[in-house]
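Number of protein chains: 2
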Amino acid sequence: MKFIKTPVKGMCDMLPSDMRLREHILSMIKETYSSYGFMQIETPVMEHIENLTSKQGGDNEKLIFKVMKRGAELSRALAKGDGELADNGLRYDLTVPLARYYANNKEKLPAPFKALQMGNVWRADNPQKGRFRQFTQCDIDILGDETNLAEIELITATADMLSRIFAEVQITDFTVHINDRQILRAAALQAGFAEEEIGSVLISLDKFDKIGLEGIKKELFENGYDAGAVERYLGLYTEIPENISAAAFCEGISPEYLPQGTVEALDEILSCVRPMLNPGVKIVFDPTLVRGMGYYTGPIFEVSIDDYNFSIAGGGRYDKMIGKFSGQDVCASGFSIGFERIVTILKDHMENPFQISENNVAFLIEKRVPMERRQEIFARAKELRAAGTTVTIQPMKKNVKRQVELLEAEGYTKFEKVYEK
Amino acid sequence: MKFIKTPVKGMCDMLPSDMRLREHILSMIKETYSSYGFMQIETPVMEHIENLTSKQGGDNEKLIFKVMKRGAELSRALAKGDGELADNGLRYDLTVPLARYYANNKEKLPAPFKALQMGNVWRADNPQKGRFRQFTQCDIDILGDETNLAEIELITATADMLSRIFAEVQITDFTVHINDRQILRAAALQAGFAEEEIGSVLISLDKFDKIGLEGIKKELFENGYDAGAVERYLGLYTEIPENISAAAFCEGISPEYLPQGTVEALDEILSCVRPMLNPGVKIVFDPTLVRGMGYYTGPIFEVSIDDYNFSIAGGGRYDKMIGKFSGQDVCASGFSIGFERIVTILKDHMENPFQISENNVAFLIEKRVPMERRQEIFARAKELRAAGTTVTIQPMKKNVKRQVELLEAEGYTKFEKVYEK
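Chains as they are written, first to last, in this note's numbering: chain E, 4 to 424; chain S, 4 to 424.
1. So, is N63 (chain S) buried or exposed, given that buried needs 16 or more other C-beta atoms within 10 angstroms?
2. Does E245 (chain S) pass the burial test, meaning 16 or more other C-beta atoms within 10 Å, or should it be called exposed?
3. Between the beta-carbon of M374 (chain S) and the beta-carbon of S248 (chain E), is there less than 8 Å?
4. For the region 246–303 of chain E, list the alpha helix (DSSP H) runs that are entirely contained and at least 4 residues long, ordered along the chain.
5. I'd like to check one pair, G317 (chain S) with I143 (chain S): are the Cβ atoms closer than 8 Å?
6. Listed from N- to C-terminal order along the chain, which residues in the region 55–76 of chain S have their beta-carbon within a distance smaller than 7 Å of any beta-carbon of chain E?
7. Any beta-carbon of chain E closer than 8 Å to the one on R103 (chain S)?
8. If you pair each beta-carbon of the region 145–160 of chain E with each one of the region 119–137 of chain E, do three or more pairs fall below 8 Å?
9. Assign R188 (chain E) to one of two classes, buried (16 or more other C-beta atoms within 10 Å of its C-beta) or exposed (fewer than that).
10. Is the region 195–204 of chain S touching the region 232–239 of chain S in the sense that three or more CB pairs, one from each, lie closer than 8 Å?
11. Tell me, please, whether the CB atom of E419 (chain E) is closer than 8 Å to any CB atom in chain S?
12. Measuring alpha carbon to alpha carbon, tell me which of S:K109, S:E171, S:E34 ends up nearest L119 (chain S).
13. Which residues in chain S have a C-beta closer than 8 Å to the C-beta of T46 (chain E)? List them in chain order.
14. Starting from L367 (chain E), find everything on chain S with Cβ-Cβ shorter than 7 Å and list it in chain order.
15. Do the region 293–313 of chain E and the region 72–87 of chain E make contact, defined as three or more Cβ pairs closer than 8 Å?
16. Can you give the Cα-Cα distance for D351 (chain E) and F41 (chain E), rounded to whole angstroms?
17. Hey, how far is the Cα of E26 (chain S) from the Cα of D90 (chain S)?
18. Given a cut-off of 8 Å on the beta-carbon distance, is the pair F288 (chain E) and I181 (chain E) in contact?
19. Nearest chain S C-beta to H180 (chain E) closer than 8 Å, yes or no?
20. Taking G74 (chain S) as part of the alpha helix (DSSP H), name the residues at either end of that continuous run.
21. Tell me whether I145 (chain S) is buried or exposed, calling it buried when 16 or more other Cβ atoms sit within 10 Å of its Cβ.
22. Which chain E residues sit within Cβ distance under 7 Å of R377 (chain S)?
23. Just curious, the alpha helix (DSSP H) that V99 (chain S) is in, first and last residue?
24. Are the Cβ atoms of T291 (chain S) and N363 (chain S) separated by less than 8 Å?
25. How many angstroms separate the CA atom of L223 (chain S) from the CA atom of R184 (chain S)?
26. Which runs of the alpha helix (DSSP H) fall wholly inside the region 168–213 of chain E and span at least 4 residues, in chain order?
27. For V204 (chain E), which residues of its own chain have a beta-carbon under 6 Å away from its beta-carbon, when the five flanking residues on both sides are left out?
28. Going by the CB atoms, is the gap between I396 (chain S) and A382 (chain S) shorter than 8 Å?
29. Can you grab the Cα-Cα spacing for the pair P113 (chain E) / L409 (chain S), in whole Å?
30. Helix, strand or coil for S336 (chain S), going by three-state DSSP, please let me know.
31. How far does the beta strand (DSSP E) with R388 (chain E) in it extend, from its first residue to its last?
32. Could you name the residues that DSSP lists as bridge partners for G341 (chain S)?
33. Using a Cβ-Cβ cut-off of less than 9 Å, give me the residues of the region 22–44 of chain E that come near chain S, in sequence order.
34. Starting from the beta carbon of N108 (chain E), find every residue of chain S whose beta carbon is closer than 8 Å, and list them in chain order.
35. Between the Cα of L152 (chain E) and those of E:E413, E:K117, E:S166, E:T139, spot the shortest distance and give me the residue it belongs to.
36. Rounded to whole angstroms, how far is the Cβ of N107 (chain E) from the Cβ of T9 (chain S), which I believe are closer than 8 Å?
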């Protein structure tokens, strides 16, 4: 019989020490967001293939794990030759399922609705270090709040959560970057780009951290844009003072390109969030922040941390997306937390595998110990467990030294060996 | 754009109140088993299709959701015409993944290894009331312990866990049934059945609760078994005294059919577990308990509860199965907890949706409230949250009465409305 020991390509078996750390982080995420009124929900891991391929997921749609039709339906599809063989697919993010969930359950949910999702997503990506085909995402979303209260709650809660988790490894500093899609759009229009060119221009600006202004300039020229527009555009992003406010950045931009109140609402988010942050945590207006997904319509935000070249959380307002799915517009703003990246950072800063408790007790019982003696051990274990101690009762192995070592690695510190006499 | 609002057939969207209850039960399961030294592990939801179709999963193998190959591999398989189109499948239980996991990670794990798995499984079954295509299972398994210490720990821990969970709805009574595959085998041999007939005979005995001895007799006759053997077999199961011990039941069975020590080991499990149980919980030797899966080799057990015609947990020893997978024999015993059934029983006994806390606070803020006033609210919310209270801050809706009602349904009891002046 052919049997394959390794997990499916790009996916991981979680060892007990992995799980302890992951469960600990998940419970801190859950606890913090709960205290902000986010309510945990869950959707099936599978979605209708039609929903997953509806062009809202960007490049992720190419990476879907498709689930085959079964029985007669599969036979029909195969007979047709060019039929769709899959009826479902594994979700590649938590946003598409949320849109479907909200359309399906809206009547039963509070409005605004503050959702917390923690779950796996799957992408048939090329596996590489730190990138897996099954990984955990945590998303918080506020649906039905058109005001910037939503962004203030999302950012405050997320900064609080990260501060609490990182405190365990003495990391206090990280930065929340914030910008607004309306400001990005207005800047491009002000420079002289046409409405339909904005998407492509933003793809170049998004590379600011990697290729700098010179690289962006080169790319925009290569793409054949008007030289005057390119020069004016780069002028807007040249020599920006540190800690510039949105209002100051937008001074040169004509009000006709910028919906009224955009700048004020963004600066208000900064003013309201800033006093709520722990020492070491910063929030800054970052005019070059773009965020990849096309569906954002308002404020966008991202969390970065020194020494790591990836963001650990990102999100924004996406007022049109749920409407595109469900036919009914629902304003929405959300934050996606890079759970696996948080795990990576914590592991980098821990000397030993994570332990929940340090006082675990192991009773190792020799084979011929009589039943009465065993019953005494069971009774003692019961008392210890009731008092909150982890207790394992196991037969003593021939190689008891190795048995003890392996238990020590899992947090056992007290061993009681029970012999026949 | 075609968009389907409902979840995939046979699968559920979990509302916040569902999730609160499920997460609460999961955390009690985790907490209890942790205190017995079970270590949580996790495997990917997908397994190699070869592993899933290796004839260890019984009828469940017919119900696999298969995951399609991708890219060039899919094209090749399609071109071949009769090629296998799937390379992976969603797991239909947690036992096959555990066997693969143990084969893959044994060197890094304590021996014996006490595993706790909590996760979803998928079966393309015909959906019906209470039966879903995605559902949660909780399995505990002890690998590498050939003694009945394993069964004592599995049963004690599970009874403890169920007592704690059911206490919340004032259920104290349930029964653990226990038997041994060796006794079932010996009884059939004693009656005169051949070794190769035992599997089929046990399938009939397994229906004892549904069709009674008369029904079993009829079925055995229909299956063409020797009349003498059938009569002798049924004689063994007729007028069994309540609370019979394994030793008493086996009195008439020749020692040549029964491995030495089987009966003593089973009665020892009963003697050791009984004093550990909470009042109301019983453990009984049940000579008609069979359990469906073919892979059991020793003690088998099941938990039943009054007023419900389904078992809420079941398991047994399966010393040969991991070896069949991995080529290396590993003794093992496990208990599978019917998580969805526990949820059903708790819901049946709760008058209101489950709430975590009763003192949640909602600030409802009118649109034009000035920023300074909002900042005061944020600061107060921060204090409340730090003190453990759940606080939500939301814009006040036009229909504030409905807004409050929906929040009340989710556990909010204190509302503070903040007006412009």
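By construction, the Cβ of each residue, glycine as well, lies at the ideal position given by its N, Cα and C atoms.
The answer reads as follows:
1. The count along the second sequence starts at 1 and reaches residue 63 (chain S) at position 60. Buried, since its Cβ has 16 or more Cβ neighbours within 10 Å.
2. By 1-based counting over the second sequence, the position of residue 245 (chain S) is 242. Its Cβ having fewer than 16 others within 10 Å, E245 (chain S) is exposed.
3. The residue you call residue 374 (chain S) lines up with position 371 of the second sequence. The residue you call residue 248 (chain E) lines up with position 245 of the first sequence. Their beta carbons are not under 8 Å apart, which means M374 (chain S) does not touch S248 (chain E) by this criterion.
4. 249–252, 265–276
5. Walking along the second sequence from the start, residue 143 (chain S) turns up at place 140. Walking along the second sequence from the start, residue 317 (chain S) turns up at place 314. Against a cut-off of 8 Å, the Cβ pair of G317 (chain S) and I143 (chain S) comes out as no contact.
6. S57, F68, K69, V70, M71, R73
7. As a position in the second sequence, residue 103 (chain S) is number 100, starting the count at 1. Taking Cβ atoms only, chain E reaches closer than 8 Å to R103 (chain S), which makes this a yes.
8. no
9. Along the first sequence, read from residue 1 onward, the residue named residue 188 (chain E) stands at position 185. When all chains shown are included, R188 (chain E) counts as buried.
10. yes
11. Start at 1 with the first residue of the first sequence, and residue 419 (chain E) comes out as number 416. Not closer than 8 Å to any Cβ of chain S, the Cβ of E419 (chain E) fails to qualify, so no.
12. Taking the first residue of the second sequence as position 1, residue 119 (chain S) is located at position 116. Comparing Cα-Cα distances from L119 (chain S) to each of S:K109, S:E171, S:E34, the minimum goes to S:E34.
13. If you number the first sequence from 1, residue 46 (chain E) lands on position 43. Per Cβ cutoff of 8 Å: P10, D16, M17.
14. Stepping through the first sequence from its first residue, residue 367 (chain E) is reached at position 364. Going along chain S, no residue has its Cβ under 7 Å from L367 (chain E), so there is no contact; the nearest lies around 10 Å.
15. no
16. Taking the first residue of the first sequence as 1, we reach residue 351 (chain E) at position 348. Taking the first residue of the first sequence as 1, we reach residue 41 (chain E) at position 38. The alpha-carbon atoms of D351 (chain E) and F41 (chain E) are separated by roughly 29 Å.
17. One-based indexing of the second sequence puts residue 26 (chain S) at position 23. One-based indexing of the second sequence puts residue 90 (chain S) at position 87. Near 33 Å, if we compare the C-alpha coordinates of D90 (chain S) and E26 (chain S).
18. Residue numbering aside, residue 288 (chain E) sits at position 285 when the first sequence is read from its first letter. Residue numbering aside, residue 181 (chain E) sits at position 178 when the first sequence is read from its first letter. For F288 (chain E) and I181 (chain E), yes; Cβs fall inside 8 Å.
19. For the purposes of this step, residue 180 (chain E) is identified with residue 177 of the first sequence, where counting begins at 1. H180 (chain E) does not count as touching chain S.
20. Sequence index remark: in the second sequence, residue 74 (chain S) carries index 71 (1-based). From DSSP, the alpha helix (DSSP H) with G74 (chain S) extends over 74–83.
21. Here residue 145 (chain S) corresponds to residue number 142 of the second sequence, with the count starting at 1. Buried is the call here.
22. Sequence index remark: in the second sequence, residue 377 (chain S) carries index 374 (1-based). What R377 (chain S) touches in chain E: C275.
23. By 1-based counting over the second sequence, the position of residue 99 (chain S) is 96. Note, V99 (chain S): alpha helix (DSSP H), 98–108.
24. Along the second sequence, read from residue 1 onward, the residue named residue 291 (chain S) stands at position 288. Along the second sequence, read from residue 1 onward, the residue named residue 363 (chain S) stands at position 360. Not closer than 8 Å, so no.
25. Walking along the second sequence from the start, residue 223 (chain S) turns up at place 220. Walking along the second sequence from the start, residue 184 (chain S) turns up at place 181. Near 19 Å, if we compare the C-alpha coordinates of R184 (chain S) and L223 (chain S).
26. 184–194, 201–208
27. Residue numbering aside, residue 204 (chain E) sits at position 201 when the first sequence is read from its first letter. Around V204 (chain E): A191, F196.
28. The sequence position of residue 382 (chain S) within the second sequence is 379, counting from 1. The sequence position of residue 396 (chain S) within the second sequence is 393, counting from 1. Contact: no.
29. As a working note, residue 113 (chain E) is residue 110 in the first sequence. As a working note, residue 409 (chain S) is residue 406 in the second sequence. Between P113 (chain E) and L409 (chain S), the C-alpha separation is close to 5 Å.
30. The count along the second sequence starts at 1 and reaches residue 336 (chain S) at position 333. It is a strand residue.
31. For the purposes of this step, residue 388 (chain E) is taken as the residue at position 385 of the first sequence. That residue, R388 (chain E), is in no beta strand (DSSP E); its alpha helix (DSSP H) goes 374–389.
32. Counting from one through the second sequence, the residue named residue 341 (chain S) turns up at place 338. G341 (chain S) is not bridged to any residue.
33. M22, R23, R25, E26, S30, K33, T35, S37, S38, Y39, G40, F41, M42, Q43, I44
34. Counted from its first residue, the first sequence places residue 108 (chain E) at position 105. Near N108 (chain E) (Cβ distances below 8 Å), the residues of chain S are D16, L18.
35. Numbered from 1 along the first sequence, position 149 holds the residue referred to as residue 152 (chain E). Of the listed residues, the one whose Cα sits closest to L152 (chain E) is E:K117.
36. Along the first sequence, read from residue 1 onward, the residue named residue 107 (chain E) stands at position 104. Along the second sequence, read from residue 1 onward, the residue named residue 9 (chain S) stands at position 6. With 8 Å as the limit, N107 (chain E) and T9 (chain S) qualify as a contact, their Cβ atoms being about 6 Å apart.
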